[in-house]
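**Student:** Just passing along the structure, written as structure tokens.
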Amino acid sequence: MLDTMMHASKLLFVILLIPLISCRTKRAPAAPTTDLRPAQVTFSFVQITDTHLGHGDHDQRTLAVINAINTLPYPVDFVVHTGDIFMDNMLEPRLVEKAAALFGRLKIPCYFVPGNHDILTKHPGETRTLFKKHFGPLAKRVIHKGVPLLFLYTEPLAGGCTFSDYSPLAALSALAGKNLPHAPLLFHHSPSVPDFYGGKFHQLWTAKIRRKWAAALKKIGTIAIFAGHFHRDELQYLGDIPLHVAPPVASYWGRQATFRVYTYDRGRITYRNHYIHR
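See below:
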């Protein structure tokens, strides 16, 4: 009788223990994680900007740049065009198709962000639709070897064309999300720092908007910012974040056609300019 009672007690103990074991072994789904440390990888990429196609000799300059990129004596993984593909002429018949075919000559992927001369305040809907069809959305994220590349239309922050259904800061937040694998690189057109020309500084961005922008980029651990628009070669800082402003392809103000090759090396950015002699 005693043995029977002991056996029953053991059996009851095991029955009561099974749910506890089951509860302890069940794991909740892993939450998305963000790692703001630089990815420990190395690669090179190209930035071109301000081609202003369909005006002057800019188509020929751009073709020369594309040919030079295709024949670089070292590997590059992709190209980014940081805006002003056109010169307020995006709606001219067949121009966009010709431009898309021109960039289609590149042997590596090419990503685009719109500039102030691409999406126009006089024709916002039409130019936005054309840009999206041939070059991509206003905001885009690509993960390259673990490094998030964020491409963003920011002209509304610089006094440019706005849309009721698009906010650059909200788009940035959506691109970053809750699962950035590593600290990102950010590409846009008009730099958020003052533009110096004609003997004085010109403020494209208000101080309030610039503070919000800087805080948003710092929050997601941005390693570096890449822009164009100034038609000059500049290095600025937004807080602790380097802002690389590349020189243009277009000839305005006597500029020489240029493209820039960056190397990302475990979070460090270096670059060299390549000049096209014509």
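Start counting at 1 in the sequence shown, then tack on 730, and there's your number in the numbering used here. Yeah, the Cβ is synthetic: ideal placement off N, Cα and C, and Gly gets one too.
Any idea what DSSP makes of Pro-977, helix, strand or coil?
**Tutor:** Working through the sequence shown from its first residue, we reach residue 977 at position 247. DSSP places Pro-977 in coil when its eight states are reduced to three.
**Student:** Helix, strand or coil: how does DSSP classify Ala-830 here?
**Tutor:** Taking the first residue of the sequence shown as 1, we reach residue 830 at position 100. Ala-830 falls in the helix class under three-state DSSP.
**Student:** Taking DSSP's pairing of strands, which residues face Phe-893 in a bridge?
**Tutor:** By one-based count along the sequence shown, residue 893 stands at place 163. DSSP, once it has assigned bridges, lists Tyr-896 as partnering Phe-893.
**Student:** Please say whether Leu-915 and Ile-953 have beta carbons closer to each other than 8 Å?
**Tutor:** To locate residue 953, count along the sequence shown from 1; it is residue 223. To locate residue 915, count along the sequence shown from 1; it is residue 185. In this structure, Leu-915 lies closer than 8 Å to Ile-953 by Cβ.
**Student:** Measure from the alpha carbon of His-1004 to the alpha carbon of each residue in Ala-794, Arg-996 and Gly-866, then state which is nearest.
**Tutor:** Within the sequence shown, the letter at position 274 stands for residue 1004. Considering only alpha carbons, the answer is Ala-794.
**Student:** Please report the straight-line C-alpha distance between His-788 and Ile-799, rounded to a whole angstrom.
**Tutor:** Position 58 of the sequence shown, counted from the first residue, corresponds to residue 788. Position 69 of the sequence shown, counted from the first residue, corresponds to residue 799. Using only the alpha carbons, I get a separation of about 16 Å.
**Student:** Between Gly-784, Thr-812, Thr-857 and Asp-807, which has its C-alpha nearest Leu-832's C-alpha?
**Tutor:** Here the question's residue 832 lines up with position 102 in the sequence shown. Nearest option by C-alpha distance: Gly-784.
**Student:** Let's test the definition: count the other Cβ atoms within 10 Å of the Cβ of Gln-790 and tell me whether it reaches 16, buried, or not, exposed.
**Tutor:** Translated into the one-based positions of the sequence shown, residue 790 becomes position 60. Result: exposed.
**Student:** When you compare each of Gly-997, Thr-1000 and Arg-990 to Ile-1006 by their alpha carbons, which one comes out closest?
**Tutor:** Translated into positions along the sequence shown, residue 1006 becomes position 276. Nearest option by C-alpha distance: Arg-990.
**Student:** Could you give the C-beta distance for Val-806 and Tyr-841, rounded to a whole number, given that I count them as a contact under 8 Å?
**Tutor:** Residue 806 sits at position 76 when you count from the first residue of the sequence shown. Residue 841 sits at position 111 when you count from the first residue of the sequence shown. 13 Å between Cβ atoms; not a contact.
**Student:** Are the beta-carbon atoms belonging to Asn-846 and His-919 less than 8 Å from one another?
**Tutor:** Sequence index remark: in the sequence shown, residue 846 carries index 116 (1-based). Sequence index remark: in the sequence shown, residue 919 carries index 189 (1-based). Yes, Cβ-Cβ distance for Asn-846 and His-919 is below 8 Å.
**Student:** By how many angstroms is the C-alpha of Pro-823 removed from the C-alpha of His-912?
**Tutor:** The sequence position of residue 912 within the sequence shown is 182, counting from 1. The sequence position of residue 823 within the sequence shown is 93, counting from 1. For His-912 and Pro-823, the distance between alpha carbons rounds to 42 Å.
**Student:** Which residue comes first and which comes last in the beta strand (DSSP E) that contains Gln-770?
**Tutor:** Position 40 of the sequence shown, counting from 1, holds the residue named residue 770. It is not in any beta strand (DSSP E) - Gln-770 carries neither H nor E in the DSSP assignment.
**Student:** Go ahead and pull the three-state DSSP assignment for Thr-859.
**Tutor:** Walking along the sequence shown from the start, residue 859 turns up at place 129. The answer is helix: DSSP assigns Thr-859 an H, G or I state.
**Student:** Do the CB positions of Gly-691 and Gly-958 come within less than 8 Å of each other?
**Tutor:** Since the first and last residues shown for the chain are 731 and 1008, residue 691 lies out of range.
**Student:** Look at the Cβ atom of Pro-978, then the Cβ atom of Thr-779, and state whether they are nearer than 8 Å.
**Tutor:** Walking along the sequence shown from the start, residue 978 turns up at place 248. Walking along the sequence shown from the start, residue 779 turns up at place 49. Yes, the Cβ-Cβ distance between Pro-978 and Thr-779 is below 8 Å.
**Student:** Within its chain, find whatever has a CB closer than 8 Å to the CB of Leu-825; leave out the 5 residues flanking it on each side and keep chain order.
**Tutor:** Along the sequence shown, one-based indexing puts residue 825 at 95. Result list for Leu-825: Leu-783, Gly-784, Phe-816 and Asn-819, in chain order.
**Student:** Would you list the residues sitting across from Tyr-927 in a DSSP beta bridge?
**Tutor:** Within the sequence shown, the letter at position 197 stands for residue 927. Per DSSP, Lys-930.
**Student:** So if DSSP puts Asp-995 in a beta bridge, which residue, or which two residues, is it bridged to?
**Tutor:** Here residue 995 is taken as the residue at index 265 of the sequence shown, counted from 1. Its beta-bridge partners are Thr-772 and Arg-998.
**Student:** Output yes or no for whether 8 Å exceeds the beta carbon distance between Phe-917 and Phe-956.
**Tutor:** Residue numbering aside, residue 917 sits at position 187 when the sequence shown is read from its first letter. Residue numbering aside, residue 956 sits at position 226 when the sequence shown is read from its first letter. For Phe-917 and Phe-956, yes; Cβs fall inside 8 Å.
**Student:** When DSSP builds the beta bridges, which residues end up paired with Gln-986?
**Tutor:** Along the sequence shown, read from residue 1 onward, the residue named residue 986 stands at position 256. Answer by DSSP bridge pairing: none, since Gln-986 is not bridged.
**Student:** Restricting to Cα atoms, I'd like to know which of Ser-903, Ala-976 and Glu-964 is closest to Ala-946.
**Tutor:** Your numbering for residue 946 matches position 216 in the sequence shown. When only C-alpha atoms are compared, the closest one is Ser-903.
**Student:** Is it true that the region 847-865 meets the region 885-902, where meeting means three or more beta-carbon pairs spaced less than 8 Å apart?
**Tutor:** Short answer: they touch.
**Student:** Which partner residues does Gln-777 have in the DSSP bridge list?
**Tutor:** Residue 777 sits at position 47 when you count from the first residue of the sequence shown. For Gln-777, which the question treats as bridged, DSSP gives the partners Val-810 and Arg-990.
**Student:** Tell me, to the nearest whole angstrom, how far the beta carbon of Pro-886 is from that of Pro-898; I am working on the premise that it is less than 8 Å.
**Tutor:** Looking up residue 886 in the sequence shown gives position 156. Looking up residue 898 in the sequence shown gives position 168. Yes, they are in contact, since the Cβ atoms of Pro-886 and Pro-898 sit about 6 Å apart, within 8 Å.
**Student:** Starting from Arg-791, follow the alpha helix (DSSP H) in both directions and report where the run begins and ends.
**Tutor:** The sequence position of residue 791 within the sequence shown is 61, counting from 1. Note, Arg-791: alpha helix (DSSP H), 788-800.
**Student:** On a CA-only basis, which of Lys-938, Phe-775 and Pro-972 is nearest Lys-717? Give me that one, please.
**Tutor:** Since the first and last residues shown for the chain are 731 and 1008, residue 717 lies out of range.
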